[in-house]
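Taking it in order: structure first as structure tokens, then the write-up.
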Amino acid sequence: MDTSQARHTDGGLTVRKGGAEFIDRLAPLWLALHAHHRSLQPGFTYFPDDSSWELRRGCYRDSFAVLRPSGRG
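See below:
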């Protein structure tokens, strides 16, 4: 069995195992958090969005995440 496609559905929640191919789905979440941080400390020097995401993206390679697909109730 190809475990990268393993799924379990229960009560409307689907859990799907994935790998590094899903990392880029986190970009909008990271960029929203990055913008929030900038709004809290506007005088602080921050990396530009693209650079910030590339740095953060590297931290996610060995991580675990649970994501809810957008566009669903």
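So the sequence shown is numbered by the working numbering: it starts at 1452 and just counts up by one. For glycine and all other residues, C-beta sits at the position ideal for the given N, C-alpha and C.
Residues near Ser1490 by beta carbon distance below 8 Å, same chain, minus five either side: The residue given as residue 1490 occupies position 39 in the sequence shown. There are no such residues.
First and last residue of the uninterrupted alpha helix (DSSP H) at Glu1505: Residue 1505 sits at position 54 when you count from the first residue of the sequence shown. Looking at the DSSP string, the run of the alpha helix (DSSP H) that includes Glu1505 is 1500-1510.
Inter-residue spacing [alpha-carbon to alpha-carbon] between Gln1492 and Tyr1511: Reading the sequence shown from its first residue, position 41 is the one you call residue 1492. Reading the sequence shown from its first residue, position 60 is the one you call residue 1511. Answer to the nearest angstrom: the Cα atoms are 25 Å apart.
Separation of Lys1468 from Pro1499, as counted between CA atoms: Stepping through the sequence shown from its first residue, residue 1499 is reached at position 48. Stepping through the sequence shown from its first residue, residue 1468 is reached at position 17. Whole-angstrom Cα-Cα distance: 31 Å.
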